[in-house]
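Numbering (my numbering), first residue to last: 44 to 334.
Just below is one structure, and these are the notes that go with it.
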Amino acid sequence: MTLAEERSIIGALSPSRAGDFMTCPLLYRFRVIDQLPERPSPAAVRGTLVHAVLERLYDLPPEARTVAAAQDLLEPQWERLLTGEPEYAGLFSSDEERDQWLTQARSMVERYFTLEDPRLLEPAEREMYVETVLDSGLLLRGYIDRLDVAPTGEVRVVDYKTGTAPRHDFEAKALFQMKFYALALWRLNGTVPRVLQLMYLGNGEILRYAPDEADLRATERKVQALWEAIERAVRTKEWRHRPSRLCDWCDHQALCPEFGGTPPPVPDHRPGLSPRGGRGANQRRAATDEL
Ligand code: SF4
């Protein structure tokens, strides 16, 4: 990105942070404005591990992509994650607890094979970083788990979740993340993805959606309105807390009025253009990303 382009950018949003603001503006504030540290959770790290295994599975030649081969990737990928993030070692109080957690990850990897046959697929991209700037100057960015491109050129965007599929009335929220990616891809290369596919490895369900241009225009308006709401909160320093079942996963209960806490004064920091980085400590999956 050139300096001139960077100067015209008004801010940046990823689907996860947009989802945070929609869930609870105060949670967004704690994560983006205060940049408070969060402890890694077993559910989030399990998500990272399963994603890593499914990404590496496609390094193997098609005929070698079996359940056993995928499960053989679990231990080495866990060791690799531990090397990069040694604090993960403290996630478990005993070897037994760690083994139980690994068994759950193993089941999820096995369940993946009940949903599709990786021997018949050749992804075009894995862990693909996408970034695009809307006309308004808002930069959209994020990581797409997998992109499949058919010989006809039709595109399928795939996201793995280690949680369970949402109830019907929560599907729209789950699909927002996928439409966000579809919008970014459409703005990047002018093609509307044919299918958006969420694969829930917690219970073995798939949620599919075929977007059209009208959907993506509506998503752009929604993303834009979200950004305006974020800017308003920055200006007024009013960050409402909005309790929901996701509070169970929130690391900031001690500072949240819902739990008797008091948020610290808002720091003088705008939600701007932090460097992209990889999926390192600052861009870890949150447990809520896996739902
Ligand atoms: S505990 Fe719940 S209401 Fe409070 S900041 Fe976290 S998500 Fe928001």
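Note that the Cβ used here is the ideal one computed from N, Cα and C, for glycine as well.
Quick caveat, the model's predicted, so the values are computed rather than measured.
Nearest-angstrom Cα distance between residue i and residue j?
i: Val-266; j: Glu-139; result: 44 Å
i: Ile-187; j: Ala-87; result: 17 Å
i: Gly-245; j: Arg-89; result: 11 Å
i: Cys-299; j: Gln-220; result: 26 Å
i: Pro-166; j: Ala-148; result: 22 Å
i: Glu-130; j: Arg-82; result: 9 Å
i: Arg-251; j: Ser-150; result: 23 Å
i: Glu-274; j: Asp-102; result: 42 Å
i: Arg-260; j: Asp-160; result: 34 Å
i: Arg-162; j: Leu-117; result: 19 Å
i: Trp-292; j: Ser-137; result: 22 Å
i: Leu-164; j: Gly-133; result: 37 Å
i: Lys-204; j: Thr-126; result: 24 Å
i: Thr-109; j: Trp-229; result: 34 Å
i: Pro-194; j: Glu-168; result: 15 Å
i: Tyr-155; j: Val-93; result: 10 Å
i: Thr-157; j: Glu-122; result: 26 Å
i: His-211; j: Gly-62; result: 18 Å
For residue i, I'd like the list of residues in its chain whose CB is within less than 8 Å of its CB, leaving aside the five on either flank, ordered along the chain.
i: Ala-324; result: Any reading at Ala-324 must be qualified, since the residue scores a pLDDT of 41, below 50, and its modelled position is unreliable; the value itself is stated next. Cβ within range, chain order: Glu-128.
i: Leu-181; result: Ile-52, Ile-53, Gly-54, Ala-55, Leu-56, Val-266, Gln-267 and Trp-270
i: Ala-253; result: Arg-237, Val-238 and Leu-239
i: Val-277; result: Ile-76, Arg-313 and Pro-314
i: Pro-308; result: none
Please classify residue i as buried or exposed, where buried requires at least 16 neighbouring CB atoms within 10 angstroms.
i: Glu-106; result: exposed
i: Pro-310; result: exposed
i: Leu-69; result: buried
i: Leu-218; result: buried
i: Thr-91; result: buried
i: Ile-249; result: exposed
i: Gln-78; result: exposed
i: Ala-143; result: The sequence given here places Gln at residue 143; Ala does not occur at that position. It counts as exposed.
i: Gly-185; result: buried
i: Lys-216; result: exposed
i: Gln-120; result: buried
i: Pro-58; result: buried
i: Gly-196; result: exposed
i: Gly-233; result: exposed
i: Asp-255; result: exposed
i: Phe-64; result: buried
i: Ala-208; result: buried
i: Asp-202; result: buried
i: His-295; result: buried
Among the residues of its own chain, which have a CB less than 6 Å from the CB of residue i, if the five just before and after it don't count?
i: Met-171; result: Ile-187 and Leu-190
i: Pro-224; result: In the sequence as presented, Pro is not what sits at residue 224; that position holds Tyr. Cβ within range, chain order: Ile-187 and Val-200.
i: Gly-304; result: Ala-297 and Leu-298
i: Pro-306; result: Leu-298
Please go through the same chain and pick out, in chain order, the residues whose beta-carbon is closer than 7 Å to the beta-carbon of residue i, but skip the five residues on each side of it.
i: Glu-263; result: Leu-177 and Leu-226
i: Val-75; result: Arg-60 and Pro-314
i: Ser-179; result: Ile-53 and Gln-267
i: Thr-175; result: Leu-183, Ala-227, Arg-230 and Leu-231
So if DSSP puts residue i in a beta bridge, which residue, or which two residues, is it bridged to?
i: Gln-171; result: Rather than Gln, the amino acid found at residue 171 in this sequence is Met. Answer by DSSP bridge pairing, in chain order: Ile-187.
i: Val-96; result: Answer is none; Val-96 lacks a bridge partner.
i: Val-238; result: Arg-199
i: Glu-248; result: Tyr-243
i: Leu-181; result: Gly-54
Notebook entry, point to check: Using 8 Å as the threshold, is the segment 226-238 in touch with the segment 268-284, meaning 3 or more CB pairs across them?
Noted result: no
Check: Is it a yes or a no for the segment 91-98 touching the segment 106-119, going by three-plus beta-carbon pairs under 8 Å?
Finding: yes
Check: So, do the segment 63-83 and the segment 278-289 have three or more beta carbon pairs nearer to each other than 8 Å?
Finding: Three or more beta-carbon pairs separated by less than 8 Å link the segment 63-83 to the segment 278-289, which places the two stretches in contact.
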